[in-house]
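Colleague: Per my numbering, residue 86 is the first one in the sequence shown, and the count goes up by one each step.
Mind looking over this structure? Questions follow.
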Amino acid sequence: AKDPEISSSSAPYRLYNIGNNAPLPLMTFIKTIEEALNKKAEKNFLPMQDGDVISTYADVSGLINEFAYKPETKLVDGIGEFVTWYQEFYGVEQ
């Protein structure tokens, strides 16, 4: 197996999480997307499945430590901008 250390690669790289650095409930995402699209999502709630995680988030500490940058886009703004971009790019009418 190859050593995953950046210094061992002929093409060094690093991956950085970009997010809000705190968990948010899934329903917050769904409601925000519904509002941006002005549509209700069809939801089919099921019990937790094998492999599901209770809580997760983008740990941005590497981004902060290496670039002194902390993302500040609010969820509602980011989702709204993405929806607008997507609709314009793919010619989707609302």
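Glycine included, C-beta positions come from ideal geometry on N, C-alpha and C.
The structure displayed is predicted, hence computed values, not measured ones.
1. Roughly how far, in whole angstroms, is the beta-carbon of Ala121 from the beta-carbon of Ile164, given that I think they are within contact range, below 8 Å?
2. State the CB to CB distance for the pair Ala153 and Gly104, rounded to an integer number of angstroms; the pair is presumed to be in contact (CB under 8 Å).
3. Leaving out the 5 sequence neighbours to the left and right, which residues in its chain are closer than 7 Å to Ser140 when beta-carbon positions are compared?
4. At 3 residues or longer, and completely inside the stretch 101 to 136: list those beta strand (DSSP E) runs for me, N to C.
5. Since Lys155 contacts Val145 with CB under 8 Å, what's their CB separation in whole angstroms?
Modeller: On the basis of the data shown:
1. Position 36 of the sequence shown holds residue 121. Position 79 of the sequence shown holds residue 164. Ala121 to Ile164, Cβ: 5 Å. Contact.
2. One-based indexing of the sequence shown puts residue 153 at position 68. One-based indexing of the sequence shown puts residue 104 at position 19. Between Ala153 and Gly104 the beta-carbon gap is near 17 Å, outside 8 Å, which marks them as no contact.
3. Along the sequence shown, read from residue 1 onward, the residue named residue 140 stands at position 55. Within its own chain, the residues whose Cβ lies closer than 7 Å to the Cβ of Ser140, once the five positions on either side in sequence are excluded, are Pro108, listed in chain order.
4. With a minimum length of 3 residues, no continuous beta strand (DSSP E) run stays inside the stretch 101 to 136.
5. Taking the first residue of the sequence shown as 1, we reach residue 155 at position 70. Taking the first residue of the sequence shown as 1, we reach residue 145 at position 60. Distance from Lys155 to Val145 at the Cβ level is roughly 6 Å; contact confirmed, criterion being Cβ atoms closer than 8 Å.
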